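Data block below; observations after.
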Amino acid sequence: MLKPVAAIAALAMIAACGGSGADEASPSAATATPATAPAPAPTVAETPAPAPAPVATAPGEPSPEFASLPAPYNTADYARGKRTFKLCQSCHLTAEGAGNLVGPNLHGLFGREAGSLPGFAYSDALKNADFIWEPHHLDEWLTNPRAYLPGNRMSFAGVRKAEDRDGLIAYLMLETGYTAPAADAPAEEAPQP
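For the sequence shown, the residue numbers in full-length UniProt numbering are 1 to 193.
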């Protein structure tokens, strides 16, 4: 009788600690005496530089990170976009090569044909969708995914507020490798006789 109780107590302790553990040392590792001498501290050349933090802006102020994006995303709020992405992150990743979760990886989303990411099992609705993911398509999708493309399997009600969608789309543009479409190149002139 004690063994099941002990197992349940151990599981409860593990669950209570929460988190992925990737950012925190486990208590036993932090308090254990090392068996060997500690590794030398990394040199300055070996220590990667931290990514620059987004510049803080007042609520409702345009974020400088978005200045190069097309309107209306160039005036969006980075903090709002990052906060709104928390609704998406349980199903989607944004890092290049990070793989898929319940939903496809969003890196390289903009400019990609809908339903075409290799290695992801899309619904027939998305496989047969005939559009390229651009900000305006994503805005309509995020408003109400089921109404925008009936038959898709995304179980998300949508993002109601336009400001939240603009911030989210701008955030995704930065986080997924968005590049502005190239301006139409001038047509080559026919050779003169």
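Quick reminder that beta carbons are idealized off the backbone N, C-alpha and C, glycines included.
Given the structure is predicted, the values throughout are model-derived calculations rather than measurements.
| Item | Value |
| --- | --- |
| Which term fits Arg160, buried or exposed, when burial requires 16 or more other beta carbons within 10 angstroms of its beta carbon? | exposed |
| In angstroms with no decimal places, state the Cα-to-Cα distance between Arg112 and Thr176. | 12 Å |
| Smallest Cα separation from Tyr148: which of Asp166, Val102, Gly103 and Ala114? | Ala114 |
| Quick check on Met173: buried or exposed, where buried means 16 or more other Cβ atoms within 10 Å of its Cβ? | buried |
| Determine the closest residue to Ala79 out of Tyr178, Ala170 and Pro181, with distance taken between C-alpha atoms. | Ala170 |
| Any idea which residues DSSP pairs Ile132 with across the strands? | Glu113 |
| If you measure between the beta carbons of Pro70 and Ala180, is that distance less than 8 Å? | yes |
| Run through DSSP, which three-state label would His137 get? | helix |
| Taking 7 Å as the limit between beta carbons, can you name the residues of its chain near Lys82, skipping five residues before and five after? | Tyr171 |
| Should Pro34 go down as buried or exposed, given a rule of 16 or more other Cβ atoms within 10 Å for buried? | Because Pro34 carries a pLDDT of 45, less than 50, the predicted location of this residue cannot be relied on, and the following value inherits that uncertainty. Classification for Pro34: exposed. |
| Rounded to the nearest angstrom, how far is the Cβ of Leu117 from that of Asn105, given a contact under 8 Å? | 7 Å |
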